[in-house]
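For reference, the structure discussed in these notes is given below.
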Ligand SMILES: Nc1nc2c(ncn2[C@@H]2O[C@H](COP(=O)(O)OP(=O)(O)OP(=O)(O)O)[C@@H](O)[C@H]2O)c(=O)[nH]1
Ligand SMILES: [Mg+2]
C-alpha cells in the first residue's frame with residue numbers, strides 16, 4: 013500500500029467529520045459537493061478497487077473513438093465523419109471477466125471484454141466518451157458525470173481545436189488539482205508537418221503549464237496511422253501497474269472538497285468565550301432576574317430580624333409589625349411554609365421591559381463577542397445557541413433564586429446574649445424590689461446618691477447597648493447581603509452556564525472541530 017493510499021482513509025474520515033460538524037452552518041452547495049466526494053470515495057473503493065478506470069474525453073471529431081479502437085485493437089466504437097458520432101459511453105475491460113458492479117456504478121451499459129494475454133493490459137477499464145462540446149445536452153451531461161467518477165482522463169485534442177476555450181475554460185483549468193491523473197494526447201498528428209507538430213506540442217505545453225497542469229504529460233498520436241498508439245498503450249499499462257490512479261484521484265477529490273469547505277470556514281482565530289464575556293452575561297441576566305432585589309431583601313430582613321432580637325422590647329413590637337422582606341418575596345421560607353403542591357417559586361417582580369431589554373442586550377453582546385469573525389452560518393448558530401433557551405431562562409433563573417440558601421433563617425448567638433442582657437437590665441430593678449431586698453444605705457458619690465448614678469447609668473447603658481446592637485446588626489446585614497450575593501451569583505451562574513454559555517461554547521467547539529478536521533482532510 014502506498015503512502016498516499018495510507019493517508020487517504022484518515023483524510024476521508026476527517027472530511028466526513030468536517031461535513032458532519034459544518035452541517036447546517038456551512039454553505040449548502042459546498043457541503044453537498046463534499047458529501048458527493050464522500051459517497052464517491054466509499055463507492056469507488058467498494059466497487060473493484062483493483063481496476064483502474066480511464067476515459068478518453070475530448071471535442072467531437074478529435075478521434076476518441078478511433079484511438080479507442082486502436083488501443084483495444086477492435087472496431088467496437090463507431091467512427092464516422094458525421095458529427096457528433098458517439099452518443100453513449102462505451103467500456104472495454106481487459107481480463108477474464110467484466111467488472112459489472114463497477115460498470116453499473118459508472119452507469120455504462122455498452123461493455124465489452126477483451127481477453128488479456130500475458131503482455132497485454134489487464135485490470136483496466138477504458139471508456140470512450142461522447143464529445144464534451146456537443147450540441148447535444150445529454151452528451152455533455154454524460155461527460156460531466158463520468159469526468160467526476162473515473163480514475164484517470166486522457167484528453168484527446170486535434171490540431172485545430174487543442175486551444176479551444178470549451179476545453180480549457182470548461183474543464184482543464186478547474187481540473188488542475190487532478191493534473192497527475194490526466195494526460196493530453198494531440199491526435200491526428202499525421203496532418204501536421206514535423207515542425208508544425210513540434211510547434212503545436214510546445215504551444216500546448218505552454219498552455220497547460222499556465223493552467224497549473226505541469227504534471228500532466230502530453231503525447232502525439234495518429235489513430236489513422238497508428239503512430240504513438242503503442243507508446244500510449246505503454247503509458248496506460250504503467251498507470252494501471254502503479255495502481256495509483258484511483259487513490260490519487262480520490263485524494264485530489266478530498267483535497268478539493270476540503271479546501272473549498274476550508275475557505276467557507278474562514279481562517280480567522282476561533283473566538284474564545286472569555287471570563288469577561290461570561291461574567292457580563294451572568295451579571296446582566298442575574299440583574300434582570302432580580303438578584304439585586306433579593307440581596308436588598310436579605311439586608312433588610314437581617315436588619316429587621318436583628319433589631320427584633322436585640323432591641324428594647326417596646327421598639328421591637330413596632331419592628332415586628334412590618335412584614336419580613338424575604339417572606340414577602342416568598343424567599344427563605346421554612347419547609348412548612350411552602351405549599352406542597354406548588355413549584356418552588358419566588359414572588360419577585362416580573363422582569364420589567366427595561367430589565368428584559370438589558371438581558372437581551374447581554375445575550376446579544378455575548379453572541380456577538382463569541383461569533384466575532386465567524387462566517388455567517390456559524391455566527392447565526394452561535395446566536396441561536398445563546399438565545400435558544402431564552403423562553404425558559406427567566407423561569408429557571410427564578411427557580412434557582414428560590415432554591416438558593418440565603419442563610420438568614422437562623423439568627424446569630426450574640427442576638428440571644430443581647431436579648432438576655434437587655435431583659436435582665438430592664439427587669440433587674442423591679443425584680444430586686446419584688447424579692448424584698450433591704451434598701452441600700454444612703455451612699456453618696458460625688459455628692460449624688462448612688463441609686464441615681466445607677467438609674468442614669470442604666471438608661472445610658474440601655475441606649476448604648478441599643479446603638480451597639482444596631483451597629484453590629486448593620487455590619488451583619490451587609491455581610492449577609494454579600495454572602496447572599498455570592499450564593500445567588502453562583503446559582504444564576506449555573507443556570508446561565510447550562511442554558512446559554514455551554515450551548516455557545518459547544519457551538520465554538522464544533523467550529524474548532526470542523527476547522528481541525530478540514531485541515532486534516534486537506535493535508536495531502
Ligand atoms: N487524419 C486523421 N483522421 C483521424 C484520426 N483519428 C480520427 N480521424 C478521423 O476523424 C473523424 C472523427 O473520428 P472519431 O474517432 O469518430 O472522433 P470522435 O472524437 O470519437 O468524435 P465524436 O464521437 O463525435 O465525439 C473520423 O472521420 C476519423 O476517421 C487521425 O489520427 N488522423
Ligand atoms: Mg466518438
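In my numbering, the protein residues as written are 13 to 536.
Note that CB positions come from ideal geometry on N, CA and C, so glycine has one too.
- About 12 angstroms separates the CB atoms of residue 42 and residue 27; that is not less than 8 angstroms, and the two are not in contact.
- Under the 10 Å beta carbon count, residue 472 is surrounded by fewer than 16 other beta carbons and is classified as exposed.
- Placement of the Cβ of residue 84 at a distance of 7 angstroms or more from every heavy atom of ligand 2 is found.
- In terms of side-chain proximity, the C-beta atom of residue 95 is found nearer than 7 angstroms to a non-hydrogen atom of ligand 1.
- A Cβ-Cβ contact shorter than 8 angstroms links residue 504 with residue 298.
- Secondary structure at residue 53: helix, using DSSP grouped into helix, strand and coil.
- In the DSSP assignment, residue 124 falls within the beta strand (DSSP E) that extends over 122 to 126.
- DSSP lists 136 as the beta-bridge partner residues of residue 64.
- The closest heavy atom of ligand 2 lies 7 angstroms or more from the beta carbon of residue 233.
- Counted as a single uninterrupted DSSP element, the beta strand (DSSP E) harbouring residue 105 occupies residues 102 to 106.
- Rounded to the nearest angstrom, the gap between the Cα atoms of residue 379 and residue 305 is 27 angstroms.
- The DSSP-derived three-state label of residue 263 is helix.
- Bridge pairing for residue 165: 67 and 194 [DSSP].
- A direct Cα-Cα distance of roughly 27 angstroms separates residue 409 from residue 316.
- Boundaries for residue 232: no alpha helix (DSSP H) harbours it, while the beta strand (DSSP E) harbouring it runs 230 to 232, taken from the DSSP string.
- Shown here, residue 508 sits in a helix according to DSSP, grouped into three states.
- For residue 187, the CB contacts under 7 angstroms within the same chain, skipping 5 residues up- and downstream, are 194 in chain order.
- Residue pairing by DSSP puts residue 239 in a beta bridge opposite 234.
- Between residue 126 and residue 84, the C-beta gap is smaller than 8 angstroms, which places the two residues in contact.
- Collapsing the DSSP output to three states places residue 393 in a helix.
- Around residue 120, the same chain offers 101 and 103 as residues with beta carbons nearer than 6 angstroms, after the five sequence neighbours per side are excluded.
- Cβ-Cβ distances below 7 angstroms link residue 72 to 95, 96, 143, 145 and 146 in the same chain, with the five nearest sequence neighbours on each side left out; the list follows chain order.
- DSSP places residue 536 in no alpha helix (DSSP H); its state is neither H nor E.
- Here the distance from the Cβ of residue 147 to the nearest heavy atom of ligand 1 is not below 7 angstroms.
- Counting of Cβ neighbours within 10 angstroms places residue 55 among the exposed residues, the total staying below 16.
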